[in-house]
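Number of protein chains: 2
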Amino acid sequence: MDEVRLNARMERGELFAERCPSRQVLNHVTSRWGVLVFVALLQGTHRFSELRRKIGGVSERMLAQTLQNLEQDGFVQRVAYPVVPPHVEYSLTEMGQEVAVQVQQLADWIEVNYTRVLAAAQVNESV
Amino acid sequence: MDEVRLNARMERGELFAERCPSRQVLNHVTSRWGVLVFVALLQGTHRFSELRRKIGGVSERMLAQTLQNLEQDGFVQRVAYPVVPPHVEYSLTEMGQEVAVQVQQLADWIEVNYTRVLAAAQVNESV
DNA sequence: ATCAACACTTACCTTTTTGTGCGTACTTAC
DNA sequence: GTAAGTACGCACAAAAAGGTAAGTGTTGAT
Chain G
853 MDEVRLNARM ERGELFAERC PSRQVLNHVT SRWGVLVFVA LLQGTHRFSE LRRKIGGVSE
913 RMLAQTLQNL EQDGFVQRVA YPVVPPHVEY SLTEMGQEVA VQVQQLADWI EVNYTRVLAA
973 AQVNESV
Chain S
853 MDEVRLNARM ERGELFAERC PSRQVLNHVT SRWGVLVFVA LLQGTHRFSE LRRKIGGVSE
913 RMLAQTLQNL EQDGFVQRVA YPVVPPHVEY SLTEMGQEVA VQVQQLADWI EVNYTRVLAA
973 AQVNESV
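Laid out in structure tokens, this is it:
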């Protein structure tokens, strides 16, 4: 009994496969605000409003949603102190840090090299 | 005169800033299909329809659009042979490979660890 | 007494993204 | 002769993402 169990051992995802659940994870991580949340939290614990101020252009609604997704996936830990006014702290879990390191490296490359990209885009303008 | 000029030398982007153009680059790279195109092309040159078959679930329209974005940004090189039926080859530029390496590492982490994420998500189900 | 701050949530609306289906121009295979 | 493959572009429609504004409940500051 129970055919679908215990076989999670060495299974590697296949992002090219349409139905592979790893796609969902990728989408959450590389979502518009997800990337920036990872980079921000890699620098340490933040409160909600700190994140909101740090990440330019994010709305409360989107930040809340993004954080909930990442919490669900086990990348972000949320700690709420029952005080008034509310005080909530967000930080990366162990797993979150592992991903964040990868995300950070991508972000780094872009921050350092984006002028090269802009230059290329300008050349290709006519295209 | 000319305060905004010639200072593109050592300028690093700031992804947290709403108006920084690096945001656009990030969005193209981390777009839904962009990530998968990078990973696919890192394995070598592909024709359009090869990419389409490889990347499960992508429509012709979206693949074309994604490739155009990445070509514009100078990440992808497009070579069309004037034969009939059409024959077009896509590959990564030098710059494209640099990014692709970063993207690949993120994709790798996800493929290897996505079951951990799924497990965490299941635990948080009640949340 | 009024207001801002906190961490959200909800409803409503706009924008963006994505999919679907059709057309193209020619060739090869059936 | 009919269909499929090639690499798209275009028009239309649906779906998803995102933004805006308002409300919550309490407290400390003005």
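Those sequence lines, one after another, are chains G and S. For what it's worth, my numbering labels the leading residue of the first sequence as 853, then goes sequentially. For what it's worth, my numbering labels the leading residue of the second sequence as 853, then goes sequentially. Don't be surprised by glycine CBs; every beta carbon is placed ideally from N, CA and C. This structure is a prediction, so every number in the text was calculated from the model and none was measured.
Going along chain S in order, which residues have a C-beta closer than 9 Å to the C-beta of residue i?
{"i": "G:A972", "result": "Q924, D925, G926, F927, T945 and M947"}
If we count the other Cβ atoms within 10 Å of its Cβ and call it buried at 16 or more, is residue i buried or exposed?
{"i": "G:Q954", "result": "buried"}
{"i": "S:S874", "result": "buried"}
{"i": "G:T897", "result": "exposed"}
{"i": "G:H939", "result": "exposed"}
{"i": "G:Y933", "result": "exposed"}
{"i": "S:G909", "result": "exposed"}
{"i": "G:R963", "result": "Just to set this straight, residue 963 of chain G is Glu in the shown sequence, not Arg. Under this definition G:E963 is a buried residue."}
{"i": "S:N921", "result": "buried"}
{"i": "S:A952", "result": "buried"}
{"i": "S:E923", "result": "buried"}
{"i": "G:A892", "result": "buried"}
{"i": "S:V846", "result": "Examination of residue 846 of chain S is not possible in this model, given that chain S is present from 853 through 979 alone."}
{"i": "G:V877", "result": "buried"}
{"i": "S:V881", "result": "buried"}
For residue i, which of the options has the nearest alpha-carbon?
{"i": "G:A972", "options": "S:E977, S:R899, S:G948 and S:Q917", "result": "S:G948"}
{"i": "S:G886", "options": "G:W885, G:L867 and G:V889", "result": "G:L867"}
Give the interface partners of residue i over in chain G, defined as CB-CB distance under 8 Å, in chain order.
{"i": "S:L919", "result": "None at all; the shortest Cβ gap to chain G is about 12 Å."}
{"i": "S:N963", "result": "A quick correction: the sequence has Glu, not Asn, at residue 963 of chain S. Residues of chain G passing the Cβ test: R864, G865, E866, L867 and S874."}
At 9 Å on the CB atoms, spell out the chain G contacts of residue i, in chain order.
{"i": "S:L958", "result": "L878, V881, T882, V951, Q954, V955, Q957 and L958"}
{"i": "S:V931", "result": "Neighbours of S:V931 on chain G: none; closest Cβ ~14 Å, over 9 Å."}
{"i": "S:V891", "result": "L867 and F868"}
Can you pull the chain S neighbours of residue i, defined as C-beta to C-beta under 7 Å?
{"i": "G:F868", "result": "L888, K906, I907 and G908"}
Whole angstroms are fine: how far does the CA of residue j sit from the CA of residue i?
{"i": "S:I907", "j": "S:L915", "result": "9 Å"}
{"i": "G:V936", "j": "G:S901", "result": "15 Å"}
{"i": "S:T918", "j": "S:D925", "result": "11 Å"}
{"i": "G:A860", "j": "S:L970", "result": "With a pLDDT of 49 at G:A860, under the threshold of 50, the predicted position of this residue should be treated as unreliable, though the coordinate-derived value follows. So the alpha carbons of these two residues sit roughly 10 Å apart."}
Inset, instruction - Return the chain-ordered ranges of every alpha helix (DSSP H) run that is complete within the region 906–966 of chain G and spans a minimum of 4 residues. - result: 912–924
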